[in-house]
Amino acid sequence: MEHHDAVKSMAAERYVLGELEPAERDAFEEHFFDCVECSGDVRDETKIAAGIGTVEALQIAPRASRFNWWAVAASVFIASLATENTILMTRGAFTRTPPAKSEPAGAIGHPISFEADRASAGVIHIHPADSLVLHGQIPQENAHQPVYIFAVRDDDSHLTRELVRFKELDASAPILITIQPGFLASGNYTLLLRGGEHEVALSTFTLDVR
Amino acid sequence: MELFAFDDDYVRRLREGDRWTEEHFLSYFQQLLLIKLRRRLPSLQAIEDVRQEVFVRVFRTLRAPDGGLRDGRKLGAYVNTVCNNVLLEQYRQKNRTEPLLDVHLEVTTSEDVEQAMVGAQERERVRRVIGELPKRDADILQALFLDERSNDDVCHAFGVERGYLRVLLHRAKEKFRSAWTQNVVRIGSGETDSGKPSLPN
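So the protein sequences, as listed, match chains F and R. If you read the first sequence in our numbering, its first letter stands for residue 2, the second for the next number, and so on. If you read the second sequence in our numbering, its first letter stands for residue 42, the second for the next number, and so on.
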């Protein structure tokens with residue numbers, strides 16, 4: 002589907018209204034994934050729907066109970082960019098408690114890259130409903146360990162929390178760790194990697210949740 | 042969301058692990074994949090699984106020794122194709138004996154999905170902007186997005202034909218967009234919800 006065809010046929014409106022035939026819908030999706038204008042149209046409508054839903058919801062439930070995010074059990078999704086087997090293995094290592102229906106789920110990640118230079122990621126401002134994404138690679142000098150453990154140390158309380166444990170990891174492949182909203186509160190943190198007998202600090206960051 | 046065209050340079054930065062390009066890529070396609078998948082999968086968990094798999098495959102291709110994608114302008118279409126392949130594989134795995142027709146894969150839009158797309162602060166802002174729209178436009182949007190009435194019912198309520206309903210939606214959306222921009226300018230302190238300058242609304 003060409004852009005002028007999408008505009009002329011009001012494809013974005015028909016997509017949102019569920020009026021497109023499957024073939025037409027597939028063609029429009031193929032188009033809007035590449036077209037910032039049409040994807041903006043579709044995103045706006047989803048945004049409107051979310052806002053209108055909020056109007057209704059606020060009339061039903063007090064805001065305090067609706068956004069009681071911190072009571073939600075922490076959940077961590079792990080995805081290794083290494084192999085499918087690794088992904089399945091690591092997902093199995095976690096129990097996810099899904100948020101209650103009225104609680105917002107974070108969608109957009111805020112990536113913290115653990116680079117080879119292990120520099121500070123600075124201050125990361127996030128909304129309570131946002132996820133936090135850690136991504137990077139195992140430092141080469143730490144490769145070939147049977148088990149890798151990613152953990153975050155709260156530099157204020159000096160408590161360390163394990164994020165994920167990898168076994169048989171392809172250490173040459175990039176790793177992506179998505180931390181769901183509510184798992185970490187505001188504070189100063191150090192991302193740690195333990196492999197074998199060694200522990201290295203991959204990155205430091207300050208998290209500002211508000 | 043900053044809008045800029047995909048090209049070979051964008052793909053090169055993505056391949057090389059440029060932080061801001063990765064952030065843009067993830068933000069942009071997380072939303073689009075959610076919009077696409079919400080019509081085909083029954084839960085946020087199922088959507089999240091497919092999204093993660095799509096990102097895994099795309100990054101694996103882009104960072105392959107041969108460079109993967111040949112034309113950076115087709116990055117979006119490529120992500121969409123990968124998503125279609127993942128979905129197809131998933132359907133085949135789950136339905137080896139009797140393939141599902143497309144109509145069977147449609148699922149009802151859930152409030153959770155909208156909430157997953159838009160943060161609480163932004164929803165507040167949307168609510169305020171909708172409150173500033175002319176009543177008819179706000180009513181149209183509410184009827185279509187909240188009341189879950191059929192399109193025919195909405196047409197009947199507003200005394201319009203089906204084709205004109207799209208026009209009304211288009212106009213209401215344009216007014217929303219205009220008011221939204223004004224709202225952002227008024228609110229704008231140079232910070233986005235995330236506090237990062239790279240993702241202006």
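Just so it is clear, CB atoms sit at the ideal spot from N, CA and C, and this is done for glycine as well.
Between residue i and residue j, what straight-line distance do the alpha-carbon atoms span, to the nearest angstrom?
{"i": "F:Ala130", "j": "F:Pro182", "result": "5 Å"}
{"i": "F:Gly110", "j": "R:Glu64", "result": "Because F:Gly110 sits at a pLDDT of 42, beneath the cut-off of 50, its placement in the model cannot be relied upon, and the point is left open."}
{"i": "R:Phe100", "j": "R:Arg92", "result": "12 Å"}
{"i": "F:Glu30", "j": "F:Ile125", "result": "33 Å"}
{"i": "F:Ile49", "j": "R:Phe186", "result": "8 Å"}
{"i": "R:Ala105", "j": "F:Ile176", "result": "15 Å"}
{"i": "R:Gly215", "j": "F:Asp42", "result": "Checking the displayed sequence, the identity of residue 215 of chain R turns out to be Glu instead of Gly. Computed Cα separation, rounded: 9 Å."}
{"i": "R:Asp107", "j": "R:Asp50", "result": "16 Å"}
{"i": "R:Arg207", "j": "F:Pro23", "result": "19 Å"}
{"i": "F:Asp155", "j": "F:Arg211", "result": "18 Å"}
{"i": "R:Cys196", "j": "R:Ala184", "result": "10 Å"}
{"i": "F:Val148", "j": "F:Gln141", "result": "15 Å"}
{"i": "R:Tyr69", "j": "R:Ala198", "result": "36 Å"}
{"i": "F:Ser204", "j": "F:His159", "result": "15 Å"}
{"i": "F:His4", "j": "R:Lys115", "result": "14 Å"}
{"i": "R:Arg111", "j": "R:Pro83", "result": "34 Å"}
{"i": "R:Pro175", "j": "R:Glu130", "result": "47 Å"}
{"i": "F:Arg44", "j": "R:Gly58", "result": "26 Å"}
{"i": "R:Tyr132", "j": "R:Asn125", "result": "10 Å"}
{"i": "R:Asp194", "j": "R:Leu182", "result": "14 Å"}
{"i": "R:Tyr119", "j": "R:Gln134", "result": "23 Å"}
{"i": "F:Ser10", "j": "F:Glu25", "result": "11 Å"}
{"i": "R:Arg168", "j": "R:Asp90", "result": "30 Å"}
{"i": "R:Arg164", "j": "R:Thr62", "result": "26 Å"}
Using C-beta distances below 8 Å, list every residue in its chain close to residue i, excluding the 5 sequence neighbours before and after it, in chain order.
{"i": "F:Val153", "result": "Thr161, Arg162, Leu164, Leu185, Tyr190, Thr191, Leu192, Leu193"}
{"i": "F:Ala7", "result": "Ala13, Phe29, His32, Phe33, Cys36, Cys39"}
{"i": "R:Val170", "result": "Phe217, Ala220, Trp221, Asn224"}
{"i": "F:Val56", "result": "Reliability fails at F:Val56, whose pLDDT of 40 lies under 50, so the model's placement of it is uncertain and the value that follows must be treated cautiously. Excluding sequence neighbours, F:Val56 sits near nothing in its chain."}
Apart from the five residues on each side of it in sequence, which residues of its chain come closer than 6 Å, Cβ to Cβ, to residue i?
{"i": "F:Thr96", "result": "Bear in mind that the predicted position of F:Thr96 carries a pLDDT of just 23, short of 50, making it unreliable; the figure below should be weighed with that in mind. Same-chain partners within the cutoff: there are none."}
{"i": "F:Ala28", "result": "Met2"}
{"i": "R:Glu173", "result": "Ala220"}
Smallest Cα separation from residue i: which of the options?
{"i": "R:Gly117", "options": "F:Glu46, F:Glu38, F:Lys48", "result": "F:Glu38"}
{"i": "F:Ala122", "options": "R:Asp180, R:Arg53, R:Ile171, R:Arg60", "result": "R:Arg60"}
{"i": "R:Arg166", "options": "R:Arg218, R:Cys196, R:Ser191", "result": "R:Arg218"}
{"i": "F:Arg15", "options": "R:Tyr205, R:Ala220, R:Trp221", "result": "R:Tyr205"}
{"i": "F:Thr47", "options": "R:Asp107, R:Ser84, R:Ala198, R:Lys77", "result": "R:Lys77"}
{"i": "R:Leu67", "options": "F:Tyr149, F:Ser132, F:Asp45, F:Ile139", "result": "F:Ser132"}
{"i": "F:Phe206", "options": "F:Ile127, F:Phe167, F:Ile150, F:His145", "result": "F:Ile127"}
{"i": "R:Asn121", "options": "R:Leu182, R:Gln86, R:Gln71", "result": "R:Gln71"}
Do residue i and residue j have their CB atoms nearer than 8 Å?
{"i": "R:Leu75", "j": "R:Ile88", "result": "yes"}
{"i": "F:Leu208", "j": "F:Ile178", "result": "no"}
{"i": "R:Arg81", "j": "R:Leu128", "result": "yes"}
{"i": "R:Asp178", "j": "R:Arg212", "result": "yes"}
{"i": "F:Leu18", "j": "R:Asn192", "result": "yes"}
{"i": "F:Asp157", "j": "F:Gly188", "result": "yes"}
{"i": "R:Arg54", "j": "R:Leu103", "result": "no"}
{"i": "R:Val52", "j": "R:Val95", "result": "no"}
{"i": "R:Gly20", "j": "R:Asp48", "result": "Chain R is shown from 42 up to 242; residue 20 of chain R falls before or after that span and cannot be answered."}
{"i": "F:Arg166", "j": "F:Ile150", "result": "yes"}
{"i": "R:Val201", "j": "R:Leu209", "result": "yes"}
Got a sec? Which residues, its chain only, sit under 7 Å from residue i by beta carbon, not counting five neighbours each side?
{"i": "F:Asn143", "result": "Leu194, Gly196, His199, Val201"}
{"i": "R:Arg203", "result": "Asn192, Cys196"}
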